[in-house]
Each structure stands twice: as C-alpha cells, then as structure tokens.
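Asker: Following this note's numbering, the numbering of the sequence shown begins with 2 at its first residue and continues without gaps. The beta carbon of each residue, even a glycine, is placed where N, CA and C say it ideally should be. For clarity, every value in this text was computed on a predicted model and none was experimentally measured. Starting off with a structure, shown below.
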Amino acid sequence: MENENKICFSVILPVYNQASFVRRAIKSILAQTYDEWELIIVNDGCTDHTADFVMSFLDDKRIKYLANIENEGLGRALNRGLDVASNDYIAYLPADDFYDASHLENIAAVFREKNNAAVVFSGIRYDDSEEPGVMSWRTCKGAIPGHALQLVQTAHRKTSDRWIERDECVTEDLFIMFWRKLTRRGVFIPTGNVTCEWTSHPYQRHKICGERFGGGLNKYRAYYNVTKPLRFRASQYKTVDEVALYAEYRKPLQVSPVGLKILLVGELAYNPERIRALEEAGHRLYGLWAKPRFCYSTVGPLPFGEVEDVPYDRWRECVEQIKPDIIYALLSTSAIDIAHEVLMADTGIPFVWHFKEGPHEAMKAGLWDKLIDLYTYADGRIYLNEEIRNWFELFIPKFRNVPEMVLDGDMPKKEIFKNCFSKKLSETVGGVHTVVTGRVVGLTTKDMAVLAENDVHVHLYNENTVPEKIMAGPFLNVAPEHFHIHKHCDQSEWVHEFSKYDAGWLHCVNSNNGGYLFRATWADLNLPARISTLAAAGLPMIQKRNDGNIFAQQSYVSHRGMGLFYSNIEELVTMLKDKTLLKNISDNIVIQREWLTFDSHVAELTNFFKDTILFYNARK
Numbered sequence: 002m003e004n005e006n007k008i009c010f011s012v013i014l015p016v017y018n019q020a021s022f023v024r025r026a027i028k029s030i031l032a033q034t035y036d037e038w039e040l041i042i043v044n045d046g047c048t049d050h051t052a053d054f055v056m057s058f059l060d061d062k063r064i065k066y067l068a069n070i071e072n073e074g075l076g077r078a079l080n081r082g083l084d085v086a087s088n089d090y091i092a093y094l095p096a097d098d099f100y101d102a103s104h105l106e107n108i109a110a111v112f113r114e115k116n117n118a119a120v121v122f123s124g125i126r127y128d129d130s131e132e133p134g135v136m137s138w139r140t141c142k143g144a145i146p147g148h149a150l151q152l153v154q155t156a157h158r159k160t161s162d163r164w165i166e167r168d169e170c171v172t173e174d175l176f177i178m179f180w181r182k183l184t185r186r187g188v189f190i191p192t193g194n195v196t197c198e199w200t201s202h203p204y205q206r207h208k209i210c211g212e213r214f215g216g217g218l219n220k221y222r223a224y225y226n227v228t229k230p231l232r233f234r235a236s237q238y239k240t241v242d243e244v245a246l247y248a249e250y251r252k253p254l255q256v257s258p259v260g261l262k263i264l265l266v267g268e269l270a271y272n273p274e275r276i277r278a279l280e281e282a283g284h285r286l287y288g289l290w291a292k293p294r295f296c297y298s299t300v301g302p303l304p305f306g307e308v309e310d311v312p313y314d315r316w317r318e319c320v321e322q323i324k325p326d327i328i329y330a331l332l333s334t335s336a337i338d339i340a341h342e343v344l345m346a347d348t349g350i351p352f353v354w355h356f357k358e359g360p361h362e363a364m365k366a367g368l369w370d371k372l373i374d375l376y377t378y379a380d381g382r383i384y385l386n387e388e389i390r391n392w393f394e395l396f397i398p399k400f401r402n403v404p405e406m407v408l409d410g411d412m413p414k415k416e417i418f419k420n421c422f423s424k425k426l427s428e429t430v431g432g433v434h435t436v437v438t439g440r441v442v443g444l445t446t447k448d449m450a451v452l453a454e455n456d457v458h459v460h461l462y463n464e465n466t467v468p469e470k471i472m473a474g475p476f477l478n479v480a481p482e483h484f485h486i487h488k489h490c491d492q493s494e495w496v497h498e499f500s501k502y503d504a505g506w507l508h509c510v511n512s513n514n515g516g517y518l519f520r521a522t523w524a525d526l527n528l529p530a531r532i533s534t535l536a537a538a539g540l541p542m543i544q545k546r547n548d549g550n551i552f553a554q555q556s557y558v559s560h561r562g563m564g565l566f567y568s569n570i571e572e573l574v575t576m577l578k579d580k581t582l583l584k585n586i587s588d589n590i591v592i593q594r595e596w597l598t599f600d601s602h603v604a605e606l607t608n609f610f611k612d613t614i615l616f617y618n619a620r621k
C-alpha cells in the first residue's frame, strides 16, 4: 500500500537539439528542496552536442539516460520515459524550461492532500511577446492563454495511459496528446503557486507544429527530419492525412530511357503532388530544398513520388555525381537564397528559374538583388503571367534572349478533378451559398450585412493561418446565420465538397495603378492558388471589377469566361441570384478546367526544358 506521505517523482526530460538549454533544466532539478525524485533524460536523436552537455551529470545514480538513434517524436520520447519510470508520480521537464527550487515540493503537497487528484499543475512564468527585442513577462495560475497545460507545470499519478505518438498523429496540442486521457482518472488541481518557467524561442515545438503559431507540417518535417507520411493536425480546422492522401502517388514508376534528370531547387508551395506528373512522364527527379518559410512551403523529404533528396551540406558533390540534365529552380520567395547560390556556383548545367509570387515580398525581405540576378542570368525563365513578365522587364537587361514561357507554378494534379459533383445547397435549403477557400480578402462587414439581407451565405474553410477571431469574428457578429466556418478540405475532396456551392470568392481588391505598370502591386500581379481550387469544383469566381487597371487575376479569369465581376455588392447580389448566368459560367469552367491541371502542361514544360538545354549548349 502506498505510503501517503511518500510522494516520489519520476521526472521525464525530453530533449531534441537543445544542448544550449539542457544543463539549466538539469540543474533546476538538482536544486529542488524536495529530494524524492529520479530524472529520466530522453535524448530523442539529437544531432547537436546534447550528449556531451549532459555527460557530467550521469554519475548521479538518480539520473537515467536514454538515447534514440534518430528522432522519434515527443510522444515516443515521453512514452520511453514512462516505460522505465520507477516511481508512482510522473513530472515533466522539457530541456528548454526549468523549475523553481520549490516546484516539486509544492506539487507533492497537493497530491498528499488531495486523494482525487489525477493531475496537479503549478502556475507558470512566460514571455508572451513575439516582437524581437521586447520581453513581456507574465504569470498565470493555470494554462497559458491559447495553450493546453504545459509539460513543465504538470505532474500526474502514474497510469497505463500513454502519449499519442508520431505514427498515430502529430499535434502541438498536449491536451489531445495526453491530458484528455487523464480526465477520466480524477480531477486536475492547481497548486496556486508560480514555480516554473516556459522559455520562449523560435524552436519551441508549438511554433514548429501549429499554423496559428507560424509552423506547419513542412516546418515540422524539416526540423525533425521526418521522411515518412504523417497524419498531421496543423490547427483546429486543419488535419492532413498524408498516409491516405498520397497513397496513389507512392506507387513505383518506370523511368523512361529518354526522360530527363531534373534537379528541383527551392520549394513546391501549394499542390506539391503535381510534381509526380513529371515522374509519370518518365523523368527522374532530385530535390535540393530550401528551409520552409511558410506553412505552405512544401519541401523534402516528400511524402509521395520518388524524388531523391540532395543534402544541402554537400550539394555540389552530389550534383557532380548525379549530372542532371537541367536545374529547375522554383517557386517562391523562400527559394531565392538557395536558387541564387546554385545559379552563381556555375555548375555547368542549364538553369531554369520559375517564380510564382508577386515580387514585392522579395523587396521587403532584402532579396531583390538576388531575384533580379535569377531572372537576368538564368538560361530559361518561366513567368507566372504576362503581366508579371512585362513588370520584370522594367528591371532585367536584355543582353541575351533566353527561352521563356508563361505557366502558373502550383496548379494541382489531374486526379484532384475526378470526383463527382455534389447537389447544390441552394437547391436543398434555399438561398445562395458562396465559398471562401482560405483567407477572406476584400469582403467587408458592410458587404456581409448586405449579402445576409439578401439571403446570400458565405462559407469559410478556415485553416488558422489568420486567427479565427480576427478573420471570422467580425462577420459572425453582423451575419451569424449567414457566415459559416468549416474545417480544412483536402485536395481529394475539393470537387465533392466545394461543388455544392454556387460561386467562390477570389481576392476582392481594388486596383489603383490606372494601367501604369510601374505602380502595379503584389495584388495586381498575383494569381491566387484558389483559382484552380474553384475551377476543380466548376464554381464561378467572384472578384472586384478592375477595368482600366493592370490586374492579372481579372485578365486570367475573364479571358477564360470564369468570373463574376462586380463594382458594388448590390450588383454582385443580382448576379448571384441569376441562376442562368451561374450555370453558363459553371458549364464553361467544367469544359476547360482540365487545362488548369499541371499534367496538362507537362509536355509543354518538357519541351521548354529541352529548348533551354539546346540554347545552353549552343551558347557554350
């Protein structure tokens, strides 16, 4: 029978590449006023100097040390600790956090007093400022606002329950990972005292995992060097099951004897599985990847296809061995640094540069000179649209006429378009139903009020890249019955899910360049990725009318007869209620929508690569 006065802790310390923090954490254990503890250090495949930094502590018989050969994820690391824990009470100490000297003593006192306590948690200190150079120290007696209870502040009675591991699901939410399992074991009780600290830095796990914190699936994959497909909860609204989503794209393919060896340099952005179409055409692909900059910056290792990764630290050596036929550098601002490095290395391989984004982000990021170099010295250039080609010609010297083409860089793969269309909501529940796939851009609360008065609904598929309270809150306030929030929709469900709506929203902004190219902005030159999403579902695309301005989105959509263009919200309401107009536009989109798949352009792109190779060889 457990001695009620004997509370002994097994403290689990998971560490991954935090050598610079780990000694502080260990010393905070050693400084405890309460000495009934053992410490279990779990080295989760660290590639830094963690092992060297903890070595001096391992002579202490209270300290156990476990080391994974490679990173297996937080859940597995904690479960390894639980499996070897000798004591009946479990506490946690991430390597980057620390305890005050009285921490365990305070927690033990509550367990001793409260027999029904499944979990005891302390208060916590933390810095809640994300602004560089600013520290904003706060304390709270429970969970940090916007987060579950943190590991460092929490202890529980030992049970048979185990943490969710990477093979099951990846999430930054510790409640989902484990705490919810303990709710059936008893109550969660606070100590009422602040006795630990949560350290803010860019590599905290929630900042790597959660899109609302600037992380995401591909940041997680890159940081932890994960090579296999994941089931990944990126936010409250977005869970991606790569295991199921890309199953068809992992089947082996034959490389054609006349296929090209293509080195991809940079990142793939949206719809990354499109690259599989190049493999299906018989080409062999290699990937030299940038560090992911945004949640949608898809880099290797890829969860589909047969792309062979090239390690950055020895890319020159690898490229010499591979001897690619062409370098295809793409796609966004995050790719500029690595693409520029490869271009300037003079590899002796033809180099194609394909830029998707409006260029102004590169200006803001201090990458403008490198971007212009990429356009100036590339052996082949691919532009997003004619407008952006004309804009870049303001900056690029024409001392050699290299091959050029125009191609939207992140169109989806053709399989996305295969599902059957759904019955319209308007036919079953009445009203008009429109959809926003991503951010709300240009729609105002006044517009929303008018739409609601006319029984026009807006359905937002929120992915938390902008917090819900900022994006959706104002619309819900003015039109609670007509503004609806839905979870993320995978590409495989675009047609089935979105086709039940009557129309979809593009970026509804007012251009003011007056046809003067010099004044064209990012919004004027960009093509939203959602164009293909809406086309897949056969939806008329809603946008502001910008006649008399250089506006690529309008040119692209109007040329193909896919848009609803409005000057004021009342005009839009009239169009949305014209069922014949909507059907005619939708029918037209369905006829040509296959053109909006990447597969439809593979032959053209291949010929462009071959022309570039010929141009390069002739120039040599």
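In whole angstroms, what is the alpha-carbon distance linking residue 315 and residue 307?
Answerer: Indexing the sequence shown from 1 puts residue 315 at position 314. Indexing the sequence shown from 1 puts residue 307 at position 306. Answer to the nearest angstrom: the Cα atoms are 20 Å apart.
Asker: CB-CB under 8 Å to residue 224, same chain, minus the five flanking residues each way: which ones, in chain order?
Answerer: Position 223 of the sequence shown, counting from 1, holds the residue named residue 224. So the qualifying residues of the chain are 204 and 209.
Asker: State the Cα-Cα distance for the pair residue 360 and residue 542, rounded to the nearest angstrom.
Answerer: On the sequence shown, position 359 is the one that residue 360 refers to. On the sequence shown, position 541 is the one that residue 542 refers to. Distance between the alpha carbons of residue 360 and residue 542: 24 Å.
Asker: Can you list, in chain order, the residues of its chain whose CB lies under 6 Å from that of residue 82, leaving out five sequence neighbours each side?
Answerer: Taking the first residue of the sequence shown as position 1, residue 82 is located at position 81. 13, 41 and 43.
Asker: On the CB-based measure, 16 or more other CB atoms within 10 Å of its CB, does residue 622 come out buried or exposed?
Answerer: This structure leaves residue 622 out entirely; the chain is present only between 2 and 621.
Asker: Which of the three DSSP states is assigned to residue 301 in this structure?
Answerer: For the purposes of this step, residue 301 is taken as the residue at position 300 of the sequence shown. Residue state, collapsed to three classes: coil.
Asker: Where does residue 2 land, buried or exposed, given buried means 16+ other C-beta within 10 angstroms?
Answerer: Translated into the one-based positions of the sequence shown, residue 2 becomes position 1. Here residue 2 scores only 37 on pLDDT, less than 50, and its place in the model should not be relied on; the value that follows carries that caveat. Exposed is the call here.
Asker: Can you list, in chain order, the stretches of the beta strand (DSSP E) that have 3 or more residues and sit fully within the stretch 316 to 376?
Answerer: Complete beta strand (DSSP E) runs here, min 3: 327 to 332 and 352 to 356.
Asker: At 4 residues or longer, what runs of the alpha helix (DSSP H) sit wholly inside the stretch 399 to 448?
Answerer: Fully enclosed alpha helix (DSSP H) runs of 4 or longer: 426 to 429.
Asker: Taking all protein chains shown into account, do 16 or more other C-beta atoms lie within 10 angstroms of the C-beta of residue 517, making it buried, or fewer, making it exposed?
Answerer: Working through the sequence shown from its first residue, we reach residue 517 at position 516. Classification for residue 517: exposed.
Asker: How is residue 646 classed by DSSP in three states: helix, strand or coil?
Answerer: In the structure as shown, the chain starts at 2 and stops at 621, and residue 646 therefore has no counterpart that could be examined.
Asker: How many Å lie between residue 376 and residue 489 at the Cα?
Answerer: In the sequence shown, the residue the question calls residue 376 occupies position 375. In the sequence shown, the residue the question calls residue 489 occupies position 488. Roughly 36 Å between the two C-alpha positions.
Asker: Hey, would you say residue 383 sits closer than 8 Å to residue 408, going by beta carbons?
Answerer: Translated into positions along the sequence shown, residue 383 becomes position 382. Translated into positions along the sequence shown, residue 408 becomes position 407. Their beta carbons are under 8 Å apart, which means residue 383 touches residue 408 by this criterion.
Asker: Taking its Cβ as the centre, do 16 or more other Cβ atoms sit within 10 Å of residue 15, making it buried, or is it exposed?
Answerer: On the sequence shown, residue 15 is found 14 positions in, with the first residue counted as 1. Answer is buried; the Cβ neighbour count reaches 16.
Asker: Do residue 299 and residue 320 have their CB atoms nearer than 8 Å?
Answerer: Residue mapping note: residue 299 aligns to position 298 of the sequence shown, counting from 1. Residue mapping note: residue 320 aligns to position 319 of the sequence shown, counting from 1. Their beta carbons are not under 8 Å apart, which means residue 299 does not touch residue 320 by this criterion.
Asker: For the beta strand (DSSP E) that contains residue 232, what are its first and last residues?
Answerer: Counting from 1 along the sequence shown, the entry for residue 232 is found at position 231. Counting along the chain, the beta strand (DSSP E) containing residue 232 begins and ends at 232 to 234.
Asker: Secondary structure at residue 595, three-state DSSP: helix, strand or coil?
Answerer: By 1-based counting over the sequence shown, the position of residue 595 is 594. Residue 595: helix per DSSP, three-state reduction.
Asker: Which residue comes first and which comes last in the beta strand (DSSP E) that contains residue 650?
Answerer: No answer is possible for residue 650: it lies beyond the span of the chain, which begins at 2 and ends at 621.
Asker: Shortest alpha-carbon distance to residue 385 belongs to which of 529, 259 and 457?
Answerer: By 1-based counting over the sequence shown, the position of residue 385 is 384. Looking at the Cα atoms, 529 is the closest of the given residues.
Asker: Using the Cβ count rule (16 or more neighbours within 10 Å means buried), how would you classify residue 154?
Answerer: Taking the first residue of the sequence shown as 1, we reach residue 154 at position 153. Label assigned to residue 154: buried.
Asker: Going by C-alpha to C-alpha distance, which of 614, 121, 260 and 447 sits closest to residue 187?
Answerer: Locating residue 187 in the sequence shown gives position 186, counting from the first residue. Taking only the C-alpha atoms, the option nearest residue 187 is 121.
Asker: Going by DSSP in three states, residue 9 sits in which element: helix, strand or coil?
Answerer: Position 8 of the sequence shown, counted from the start, is the residue given in the question as residue 9. Residue 9 falls in the coil class under three-state DSSP.
Asker: Based on Cα-Cα distance, which residue from 342, 296, 255 and 380 lies nearest to residue 327?
Answerer: On the sequence shown, residue 327 is found 326 positions in, with the first residue counted as 1. With distances taken between Cα atoms, residue 327 lies closest to 380.
Asker: Take residue 211 as the anchor and find which of 292, 64 and 241 has the nearest alpha-carbon.
Answerer: Residue 211 sits at position 210 when you count from the first residue of the sequence shown. The residue with the shortest Cα to Cα distance from residue 211 is 241.
Asker: What residue does the beta strand (DSSP E) around residue 563 start on, and which one ends it?
Answerer: For the purposes of this step, residue 563 is taken as residue 562 along the sequence shown, with counting starting at 1. Looking at the DSSP string, residue 563 is not in any beta strand (DSSP E), and its letter there is neither H nor E.
Asker: Helix, strand or coil: which one does DSSP assign to residue 214?
Answerer: As a first step, residue 214 must be located in the sequence shown, where it is residue number 213. Residue 214: helix per DSSP, three-state reduction.
Asker: If you count every other CB in all the chains shown that lies within 10 Å of the CB of residue 549, and 16 or more means buried, which is it?
Answerer: Looking up residue 549 in the sequence shown gives position 548. By the 10 Å Cβ count, residue 549 comes out exposed.
Asker: Around the C-beta of residue 229, are 16 or more other C-beta atoms found within 10 angstroms, so that it is buried, or is it exposed?
Answerer: Within the sequence shown, residue 229 is the residue found at index 228, counting from 1. Result: exposed.
Asker: Just verifying my parser: in three-state terms, what is the DSSP assignment at residue 502?
Answerer: By one-based count along the sequence shown, residue 502 stands at place 501. Looking at residue 502 - three-state DSSP - the assignment turns out to be coil, as it is neither helix nor strand.
Asker: Looking at the strands, I want to know which residues DSSP matches up with residue 381.
Answerer: Residue mapping note: residue 381 aligns to position 380 of the sequence shown, counting from 1. The partner list for residue 381 (beta bridge, DSSP) reads 353.
Asker: By the DSSP assignment, the beta strand (DSSP E) with residue 617 in it spans what residues?
Answerer: Within the sequence shown, the letter at position 616 stands for residue 617. No beta strand (DSSP E) holds residue 617; the alpha helix (DSSP H) holding it covers 603 to 620.
Asker: Can you tell me the Cβ-Cβ gap for residue 564 and residue 540, rounded? I've got them flagged as a contact below 8 Å.
Answerer: The residue labelled residue 564 in the question sits at position 563 within the sequence shown. The residue labelled residue 540 in the question sits at position 539 within the sequence shown. 11 Å between Cβ atoms; not a contact.
Asker: Can you have a look at residue 495 and say buried or exposed, based on whether 16 or more other CB atoms are within 10 angstroms of its CB?
Answerer: Along the sequence shown, one-based indexing puts residue 495 at 494. That one is buried.
Asker: Along the chain, where does the alpha helix (DSSP H) that runs through residue 523 open and close?
Answerer: Within the sequence shown, numbered from 1, the residue matching residue 523 stands at position 522. Start and end: 523 to 526.
Asker: For residue 194, which residues in the same chain have their Cβ closer than 7 Å to its Cβ, ignoring the five residues on either side in sequence?
Answerer: Within the sequence shown, residue 194 is the residue found at index 193, counting from 1. If we look at residue 194 and ignore the five residues flanking it on each side, its Cβ neighbours are 107, 123 and 124.
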